[in-house]
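Notes follow the structure.
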Amino acid sequence: MTDTFDPLSDLFVAQLARPTQLGAVNLRALTPFQRALLVIDGTVTKFIEAYTLEPVQTVHLGQERRALTSDQPWLEAPAGTEVLARRVFLEGRYTRTVYAYAVSLVVPDRLPDAARDSLQDDAGSLGRILLSAQLETRREVLWYGREQLADVPHPIQRLNGAPAISRTYRIISRGRPLMLINEKFPSSPDRLPSRD
Numbered sequence: 001m002t003d004t005f006d007p008l009s010d011l012f013v014a015q016l017a018r019p020t021q022l023g024a025v026n027l028r029a030l031t032p033f034q035r036a037l038l039v040i041d042g043t044v045t046k047f048i049e050a051y052t053l054e055p056v057q058t059v060h061l062g063q064e065r066r067a068l069t070s071d072q073p074w075l076e077a078p079a080g081t082e083v084l085a086r087r088v089f090l091e092g093r094y095t096r097t098v099y100a101y102a103v104s105l106v107v108p109d110r111l112p113d114a115a116r117d118s119l120q121d122d123a124g125s126l127g128r129i130l131l132s133a134q135l136e137t138r139r140e141v142l143w144y145g146r147e148q149l150a151d152v153p154h155p156i157q158r159l160n161g162a163p164a165i166s167r168t169y170r171i172i173s174r175g176r177p178l179m180l181i182n183e184k185f186p187s188s189p190d191r192l193p194s195r196d
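For the sequence shown, counting from 1, position 150 maps to 150 in this note's numbering; every step adds exactly one.
Have a look at this one:
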């Protein structure tokens, strides 16, 4: 029966471990664009540009080096490991639509020099930095859910309280996790690309 088909059931490897603040998602209530955002395993920025026919810019909100205060199993990193915490959002250059807000934890010591240098100097997307460094990677999507955006940074404060679909994944290279990324996609109708 088609009502029970779940195309995500074999994709998200840790759905049962999703944070408790994330609600369930009715896939049939999502637009095709939203369902594609959940499963895309390439560069999200390029997908959004192709779908909307609008250039998308990565707006860097900040990054800081810090030591993990507890073990981070999804990064396979013990407490004390130095990570780079990054926050960005993806915005349409023409419409100023905020397509995504992302928070990442990166283990810089696991990156090749070129990617580590780009990460320090470049405010661009992580996907583009990894592509430029020609690093072979794979993504492992962990969980997804629905949430209300809260405590978003000042430049996108208008999104506070907006519903969003969220997914978390990690990027792995040579068998080790390099980064853990949480992407939040605002799902209010006025913030979604229109279909012609």
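Backbone N, C-alpha and C define an ideal beta-carbon position, used for all residues, glycine too.
Handout entry: Continuous beta strand (DSSP E) stretch holding residue 32: start and end
Key = Careful: residue 32 lies outside any beta strand (DSSP E), inside the alpha helix (DSSP H) at 32–39.
Handout entry: Straight-line gap, residue 142 to residue 8 (C-alpha atoms, nearest Å)
Key = The C-alpha of residue 8 is placed about 11 Å away from the C-alpha of residue 142.
Handout entry: Residue of 137, 177, 178, 96 minimising C-alpha distance to residue 43
Key = Comparing Cα-Cα distances from residue 43 to each of 137, 177, 178, 96, the minimum goes to 137.
Exercise for the section: Check whether the segment 21–36 touches the segment 101–109, counting contact only when three or more Cβ pairs, one atom from each stretch, lie closer than 8 Å. Expected result: Contact between the segment 21–36 and the segment 101–109 is absent, because fewer than three Cβ pairs lie under 8 Å.
Problem - 6 Å Cβ shell around residue 18 - same chain, five flanking residues per side excluded - result: Contacts found: 143, 145.
Problem - Cutoff 7 Å; reference residue 115; Cβ partners in own chain excluding five residues on either side - result: The residues are 129, 130, 133, 135.
Exercise for the section: Taking all protein chains shown into account, decide if residue 12 is buried (16 or more other Cβ within 10 angstroms of its Cβ) or exposed. Expected result: Label assigned to residue 12: buried.
Problem - Assigned exposure category for residue 53 - 16 Cβ within 10 Å defines buried - result: Its Cβ having fewer than 16 others within 10 Å, residue 53 is exposed.
Exercise for the section: Report yes or no: do the segment 65–76 and the segment 87–100 share at least 3 C-beta pairs separated by less than 8 Å? Expected result: Taking a cut-off of 8 Å on C-beta distances, the segment 65–76 does not touch the segment 87–100, as fewer than three cross pairs fall below it.
Handout entry: Whether residue 85 touches residue 66 by CB criterion (8 Å)
Key = Yes, Cβ-Cβ distance for residue 85 and residue 66 is below 8 Å.
Practice task
Look at the alpha carbon of residue 168 and the alpha carbon of residue 139, and state the distance between them as a whole number of angstroms.
Solution key: Distance between the alpha carbons of residue 168 and residue 139 is about 10 Å.
Exercise for the section: Note down, one range per segment and in chain order, each beta strand (DSSP E) of at least 3 residues found wholly within the segment 89–123. Expected result: Runs of the beta strand (DSSP E) inside the segment 89–123: 98–106.
Exercise for the section: Figure out for me which residue from 82, 89, 48, 70 has the closest Cα to the Cα of residue 155. Expected result: Ranking 82, 89, 48, 70 by Cα distance to residue 155 puts 89 first.
Exercise for the section: In the DSSP assignment, find the unbroken alpha helix (DSSP H) run with residue 44 in it and report its ends. Expected result: Start and end: 44–52.
Exercise for the section: Look at residue 126 and residue 186 and say whether their C-beta atoms are less than 8 Å apart. Expected result: Residue 186 sits away from residue 126, with the two beta carbons spaced by 8 Å or more.
Problem - Coil, strand or helix - residue 182 by DSSP - result: For residue 182, the three-state secondary structure derived from DSSP is strand.
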